[in-house]
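Note sheet for the following structure.
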Amino acid sequence: MTFNIKIKEEDDNKPFLSQTSYMYCATVGSTSGTLGQVTSTDNDVLDSHKTKKYEFVGSGPFYASGTGSLTYGDWSSYAKGTKFETTLRVTDSAGHYDESPVTIFICDPPPPAPSNPNSASGASSASSTSGGIDNILYWLIPALLLLALMAELAVYLIRRCIQGGRCAP
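According to UniProt numbering, the stretch in the sequence shown is residues 1 to 169, in order.
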């Protein structure tokens with residue numbers, strides 16, 4: 001007796017964006033540019049079930065290409081410090097989707113890279129960092145708050161030890 005078993009893969013898995021949230025900085029006064037590149041995964045087996053479309057939900061001068069490239073339009077009328085909050089959505093061919101919040105700040109342009117005096121052509125070997133001081137503040141402020149919390153905890157524990165007389169060996 002012979003059995004023929006036919007397995008048909010269904011497009012039943014939703015795509016997942018690689019991050020749960022995104023944050024970008026666009027240059028103040030610019031008329032267009034690239035924010036970044038996003039990726040997602042889809043656990044379906046067939047490649048035809050892994051076709052994905054990226055889009056921003058809501059309105060604003062930003063766009064998502066089919067490959068996950070995020071770009072922006074004319075920012076020239078927005079002041080430094082302006083913040084946009086939107087949602088990025090990736091949808092597969094069956095209509096399953098995943099969404100992540102996106103925050104976009106209007107920031108100063110990155111500082112120019114210093115030139116390398118040892119180079120014959122004067123070209124810079126150092127790479128510039130995007131965001132400059134803004135990127136430092138994103139991690140520095142929470143780090144200082146954590147440091148203050150740890151110092152307060154240490155003071156509390158020392159005070160408790162001294163008052164309870166349990167510090168002596």
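All residues carry an ideal CB built from backbone N, CA and C; glycine is no exception.
Just so we're clear, the structure is a prediction, and the values are computed from it rather than from any experiment.
Query, Result
"Length of the line joining the Cα atoms of residue 174 and residue 83", "Residue 174 cannot be examined here, being either before or after the span of the chain that is shown, 1 to 169."
"Residue of 102, 144, 43 minimising C-alpha distance to residue 70", "102"
"CA-to-CA distance, residue 151 to residue 160, given in whole angstroms", "14 Å"
"Residue 47, buried or exposed, once every other Cβ within 10 Å from all chains shown has been counted against 16", "exposed"
"Cα-Cα separation, residue 29 to residue 77", "7 Å"
"Close Cβ partners of residue 105 (< 6 Å) along its chain, the five nearest in sequence each way excluded", "25, 83"
"Residue range of the beta strand (DSSP E) that includes residue 6", "Segment: none, residue 6 is in no beta strand (DSSP E) and carries neither H nor E."
"Residue 37 in three-state terms, based on DSSP", "strand"
"Where residue 138 sits in the DSSP three-state scheme", "helix"
"Beta-carbon proximity of residue 98 to residue 21, cut-off 9 Å", "no"
"Sub-9 Å separation of residue 50 and residue 91 beta-carbons", "no"
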